[in-house]
Amino acid sequence: MITATHRVLSTALATALTLVALVLISPAVADAPDASADGCTWDDQWTRALSDLGEDPKHWTVRRIPNLSGTIDDRYDPPVGIVDPTIDCELVDSVVRHEWMHLQQVRKYGDVPAWGDHEEIVADCGSWILGADATPYRDRMAESRGVACTGPELAEALALIEFTPSHEAKRQQ
Ligand SMILES: [Zn+2]
């Protein structure tokens, strides 16, 4: 009887100790680099996207842009890519790729007097080719005209992507 009780207590104690050990170990595991592989880190997304595109981070800036996720400023030479710091981490990669397409439009065509629907859908078709997950202009076009990107839009986007060969197109690998 005593032995049986002792065994039950021992088992309970062992379980309790295991739980304490797990609780103590958990924070360390969470802090390990490998454990954050499924997480999203804004700076990591930013750095990786710019690196994929072969961009010099000093020609990009993070600052508040009211009502926009990203934009470019072509008053500078070279033009500057801008991303709003309040966007979700999961959107950073897509926004950088979309704005990069706009930079390519300026680099290839020179001055782009007014941003219109055509520039936006081509930028989104290009960012999609480059692996962007979020392409709102494509989504809108798919809904309104039944086709996300037309053949000519994809061709124009590809030509813009190929204009600077220093990036890696994720979707083409
Ligand atoms: Zn745009």
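According to mature numbering (1 follows the signal peptide of the UniProt record, and there is no 0), the residues represented by the sequence shown are -30 to -1, 1 to 143, in order.
Where a beta carbon is used, it is the ideal one built from N, C-alpha and C, also for glycine.
Nearer than 7 angstroms: is that true of the beta carbon of H72 relative to any heavy atom of ligand 1? Yes, since a heavy atom of ligand 1 falls inside the 7 angstroms radius drawn around the Cβ of H72.
Starting from the Cα of D54, find the closest Cα among V82, C95, D63 and L130 and give me that residue. The residue with the shortest Cα to Cα distance from D54 is D63.
Should H68 be counted as a contact of ligand 1 given a C-beta to heavy atom distance under 7 angstroms? Under cutoff, so the answer is yes.
Is it buried or exposed for V66, if we count other Cβ within 10 angstroms and need 16 for buried? Taking a 10 Å sphere around the C-beta of V66, we find 16 or more other C-beta atoms and assign the residue as buried.
Cα-Cα separation between L38 and R77, rounded to whole angstroms: In this structure, the CA atom of L38 is about 22 angstroms from the CA atom of R77.
Taking only heavy atoms of ligand 1 into account, decide whether any of them is closer than 7 angstroms to the Cβ of E123. Incorrect: E123 has no Cβ contact closer than 7 angstroms to ligand 1.
Counting only runs of 4+ residues fully inside the stretch 23 to 75, write out the alpha helix (DSSP H) ranges in chain order. Whole alpha helix (DSSP H) segments, 4+ residues: zero.
Please confirm whether any heavy atom of ligand 1 lies closer than 7 angstroms to the CB of E90. Yes - ligand 1 has a heavy atom lying nearer than 7 angstroms to the Cβ of E90.
Say the cut is 7 angstroms; is the CB of P102 nearer than that to a heavy atom of ligand 1? Reading off the sequence shown, one finds Ala at residue 102, where the question assumed Pro. A102 Cβ: outside cutoff for every heavy atom of ligand 1.
Minimum C-alpha distance to E126 - residue among W16, Q74 and T31: Measuring from the Cα of E126, the nearest candidate turns out to be Q74.
T17 - DSSP class collapsed to helix/strand/coil: Residue state, collapsed to three classes: helix.
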